[in-house]
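Numbering (the numbering used here), first residue to last: 361 to 605. Each residue gets a CB set at the ideal place from its N, CA and C atoms; glycine is no exception. Please read the structure below before turning to the comments.
Okay, structure coming up:
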């Protein structure tokens with residue numbers, strides 16, 4: 361029932377947003393614009409699920425008494441986190457496909473991109489999700505050390521919906537557009553729109569500066585996340601505070 365309610369919430373949420381956009385644009389919220397918004401909305405949904413899921417798993421491990429077993433065992437804790445991230449990506453990808461199956465026919469969104477664009481779209485999608493994984497590593501490390509960071513995951517994920525241009529491109533707002541270039545998912549969502557909405561070929565996209573920006577953005581967040589999680593592990597093991605929740 362929880363998953364059904366969750367799907368209902370996100371479907372209704374997008375439909376309400378689409379209605380508001382249509383009113384605000386005087387009925388000029390075209391099928392292409394709706395598809396553009398849907399791509400950003402669904403990508404954000406997966407990113408938010410990764411951030412909240414990984415950080416929340418640390419608190420769950422503490423409550424279930426498995427946190428010390430994972431972090432003090434012979435296996436590398438980062439391997440456990442990566443495995444969870446892969447599972448979360450698969451899980452939320454299936455969920456957003458279900459959400460799309462409801463939204464697309466209701467709004468009569470035209471899906472015109474050819475099938476041969478899908479491998480490129482998948483690569484861009486996965487590259488886009490590296491930066492929220494890096495954010496999840498940062499918050500997980502802080503959660504291990506300071507114990508009360510999980511509460512920040514939800515508002516942070518929600519803020520990303522509005523500041524990354526997930527709902528609508530930010531090209532017309534220079535300040536926000538510049539800021540969004542430094543945030544997770546923003547560049548990746550724009551490139552997915554270029555490929556799936558504007559019909560720009562993948563071979564052209566990978567030659568654009570924005571693609572290099574996506575790689576750099578993902579690498580920075582992943583690198584910082586890796587440093588924070590390893591710093592946190594060393595700190596809690598040195599202090600013996602791993603289970604002090």
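A check of alpha carbon separations from residue 439 across 589, 594, 598, 534 identifies 589 as the nearest. When DSSP states are grouped into helix, strand and coil, residue 399 belongs to the helix group. In the three-state scheme derived from DSSP, where H, G and I count as helix and E and B as strand, residue 456 is classed as helix. Here the C-alpha atom of residue 539 lies approximately 15 Å from the C-alpha atom of residue 516.
Residue state for residue 443 is assigned as helix, using DSSP reduced to three classes. If you draw a 10 Å sphere on the C-beta of residue 597, you find fewer than 16 other C-beta atoms in it, and that means exposed.
Look at residue 563 here: in three-state DSSP terms it is helix. Using a 10 angstroms sphere on the CB of residue 500, the tally of other CB atoms reaches 16 or more, which defines it as buried.
Pairwise C-beta distances place the region 484-493 in contact with the region 544-561, as three or more of them are shorter than 8 Å. Per DSSP, the unbroken alpha helix (DSSP H) holding residue 553 starts and ends at 546-556. The beta carbon of residue 459 sits closer than 8 Å to those of 367, 370, 371, 374, 402, 405, all from its chain and outside the five residues before and after it, given in chain order.
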